[in-house]
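Structure, as structure tokens:
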Amino acid sequence: MKNLIKIFCACFLSSVFLSCDPCYGNRGVCAEQFFFKIVNKLTRQDLVFGTSPVYQRDSVYLLTTLTGYPGRMSFYDSTKFMSTLLIPVDTFFLRFSSTDSDTLIMNYDFVKQKCCFNPRGFGRVNGISYNGISAAKTAGVFVFEK
961 MKNLIKIFCA
971 CFLSSVFLSC
981 DPCYGNRGVC
991 AEQFFFKIVN
1001 KLTRQDLVFG
1011 TSPVYQRDSV
1021 YLLTTLTGYP
1031 GRMSFYDSTK
1041 FMSTLLIPVD
1051 TFFLRFSSTD
1061 SDTLIMNYDF
1071 VKQKCCFNPR
1081 GFGRVNGISY
1091 NGISAAKTAG
1101 VFVFEK
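Here is the structure:
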């Protein structure tokens, strides 16, 4: 009976302490999301999500040449692309097809967050250079002009 009471007390106290921890379930979260879309430089028409898309959304994605990060590093919804950066990568490539890709140079601020254990914090995107031209940001979405 004493063992049962000890187990009950341990479970109860654990649940009380864990419910007070704002980082419970979010330990080590050090990531920043950013959103982007690609438009025609002259007409401003969306080249992927517009009424007459030039590119298929399944074929467009971000990638990096860093080891350990193979494949796609972006996703999309019905109007834009999204990427979550777990580490601040300086250079990305935006792949349209096997013969067409563009270069993105990322600029970051480092932000500290209570639940992020990295002493530097995490990289928050504060600017993107798309093929050497600074990308505008409208309503939280970077706009790349192609």
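Under this note's numbering, the very last position in the sequence shown is 1106; numbers go up by exactly one each time.
Here a beta-carbon is modelled for each residue, glycine too, at the ideal position from N, C-alpha and C.
Short Cβ contact (8 Å threshold) for residue i with residue j
i, j, result
"L1045", "A1095", "no"
"F1035", "M1042", "yes"
"F995", "G1100", "yes"
"V1103", "V1020", "no"
"R1116", "D1069", "Residue 1116 is absent from the structure shown; the chain starts at 961 and stops at 1106."
"K1040", "K997", "yes"
"Y1090", "D1050", "no"
Proximity winner among the options, relative to residue i (alpha-carbon distances)
i, options, result
"G1081", "S1089, V1071, G1031", "V1071"
"R1055", "Q993, R1004, V1008", "V1008"
"I1065", "Q1016, T1024, Q993", "T1024"
For residue i, the residue or residues it bridges with in DSSP
i, result
"I1047", "BP columns for I1047 are empty, so no partner."
"M1042", "F995, F1035"
Residue i, enclosing beta strand (DSSP E) - first and last residue
i, result
"K1097", "1096-1098"
"L1061", "According to the sequence shown, residue 1061 is Ser rather than Leu. Run containing S1061: 1060-1071, per the beta strand (DSSP E) assignment."
"S1089", "1082-1090"
"L1023", "1021-1023"
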